[in-house]
Every structure is written in C-alpha cells, then in structure tokens.
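The working numbering numbers the first residue of the sequence shown as 21 and each following residue consecutively.
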Amino acid sequence: MPKAGELAYLANLGDGGREHSLEKPFSDPSCGINLASIGFMMTLLPQPPARILDLGCGGGWTSTFFAKRGYDVIGQDIAPDMIEVARENCARHGLEQRLSFTCSDFEALDMDNQFDAAIFFDSLHHAEDELLAIRSAWRALKPGGVLITHEPGDGHATSPDSIAAMQVYGVTERDMPPRLIMQRGAEVGFKDFRVVPLPQYLHYLFYEPRTYPKRLWSKRRWTMTKRVLKLLFDPDPGAGAIVIMTK
C-alpha cells in the first residue's frame with residue numbers, strides 16, 4: 021500500500037533522517053533552489069496576515085517560512101512522526117501563535133471555506149488520487165482563494181531518483197505536469213489558471229557556472245530553455261511548473 025510508505029518514510033530514512041528533516045532546507049543539497057522557490061511562491065500569495073494551508077508539509081520547513089513572513093498557517097501531513105518534527109520546528113522558532121499542524125490525509129480533508137491560499141510544495145505528486153487532493157484544497161479555500169502548486173512534470177516518475185525512492189521507501193512518485201493539475205482543477209471548479217517556470221529551470225539557464233563559454237548552449241541548457249518556452253507558449257505544457265488557480 022503506497023500510503024504505508026508515506027507513513028513510514030521518516031523512520032525508513034534511518035539515522036540522521038529526523039535531523040535532516042528538522043533542519044531543512046539548510047540540510048538539503050538543493051537548499052538554494054528551495055529558498056528561491058519559497059521566495060517566488062511568496063510573491064504569488066495574498067499579503068500577510070492571510071490564512072494559508074500548507075498541504076503535505078512534511079517536517080514543516082515550508083510552513084515555518086510562511087509563518088515567519090507573517091501568515092497564519094496550518095501545516096498538514098499524513099505522517100504522525102513528520103508532524104512531531106514540524107511541531108518541534110515551530111517551537112524552536114517561537115511561532116506557536118501563527119503556526120499549527122494537523123495529521124491527516126490531504127485526499128480526505130474536512131475543512132471548508134477557511135483559507136485564503138493553499139499550497140502543494142512538491143507534495144501533490146505523492147498523491148494516489150490527485151483529483152481528491154485538489155478537491156480537498158478547493159473545499160478548504162474561501163471564495164476567491166488561490167491554490168498554488170510546485171510540482172515536477174513529465175518524466176519524474178521514471179527518473180532514477182524516483183524509481184529508487186519507490187523501491188527503497190515504498191512511496192508514490194508520479195508525473196504531475198501542469199496540464200494534469202489544471203485539468204483536475206477545472207473539474208472541481210477552479211478558474212483563472214496561470215503557469216510559471218520552476219526557479220530551478222531559471223537557475224540552470226542563468227546561474228549555473230559554465231566552465232567553457234562555447235558550451236553556453238549545451239544540450240542540458242538547451243533542454244531547460246525548451247522547457248521554459250513550452251511553459252510560455254505551449255497550451256499543453258509537460259514540464260514541471262508552478263501553477264496558480266483561483267476558486
């Protein structure tokens with residue numbers, strides 16, 4: 021059962037897994053990209069002190085950043101041990117007045133019309149049924165509220181890292197391109213769809229060091245360029261992206 025893998029993920033990380041989760045994003049090799057992503061997502065949110073639902077928050081680092089910005093945040097995760105880490109993270113930063121956590125399945129939430137914004141930050145692609153998850157987010161939002169997703173696109177499920185995660189930890193890893201997110205969003209009632217590139221693509225294009233100037237347009241860089249252009253001009257984008265939808 022894939023959700024059993026989500027429930028046992030932290031324990032299966034072994035020694036150091038809890039500390040890694042507690043110290044994210046600074047314990048992660050992708051720290052810089054993650055910080056950039058959170059910064060970009062904050063520019064898409066309503067201004068604080070809006071109320072935010074952080075779906076699939078894991079150890080709570082994203083929720084902590086939003087609360088530090090001044091938002092009223094509820095972080096949600098399916099794994100009780102992850103919620104324990106998240107609450108410890110909250111206490112370490114003295115954010116109890118603005119941040120709390122709930123242990124539940126984001127495919128079956130019972131929250132209605134409570135939030136100005138909801139966020140899936142690299143968590144929707146772990147869903148067994150993305151329609152149920154997006155419907156839960158729609159229900160939780162107030163009229164006019166926004167759902168923001170930050171998710172990988174086509175090819176994620178068959179990447180070596182994803183295959184290894186499924187084999188070793190038993191978690192769900194799925195492609196979650198913007199076309200699928202927008203399709204499911206429209207089915208539950210979202211509107212005003214907008215798609216923007218992941219910050220990691222901009223990093224590959226403009227910030228990654230280049231040893232040889234003649235390789236400015238290397239195969240990898242050209243691949244990233246095509247992904248960004250597809251997001252801008254392709255009505256059926258398959259690249260990973262940030263998607264914004266309004267209730």
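Each residue gets a CB set at the ideal place from its N, CA and C atoms; glycine is no exception.
- For residue 212, the uninterrupted beta strand (DSSP E) run begins and ends at 211-217, by DSSP.
- Here the alpha carbon of residue 95 sits roughly 14 Å from the alpha carbon of residue 101.
- Nearest C-alpha to residue 31 among 130, 105, 45 and 64: 105.
- Taken atom to atom, the span from the alpha-carbon of residue 40 to that of residue 81 is near 11 Å.
- Contact between residue 216 and residue 262 is confirmed by a C-beta separation of about 5 Å, below the 8 Å threshold.
- In this structure, residue 193 lies away from residue 23, with their beta-carbon atoms at least 8 Å apart.
- For the alpha helix (DSSP H) assignment, the uninterrupted runs of no fewer than 4 residues enclosed by the stretch 148-205 are, from N- to C-terminal side, 150-160 and 180-189.
- The C-alpha of residue 228 lies about 9 Å from the C-alpha of residue 222.
- The Cβ atoms of residue 136 and residue 162 sit closer than 8 Å to each other.
- In the structure shown, the three-state DSSP call for residue 98 is coil.
- Inter-residue distance for residue 93 and residue 67 is about 13 Å (C-alpha atoms, whole angstroms).
- For residue 71, the beta-bridge partners assigned by DSSP are 92.
- Contact between residue 170 and residue 218 holds, since their C-beta atoms are separated by about 7 Å, short of 8 Å.
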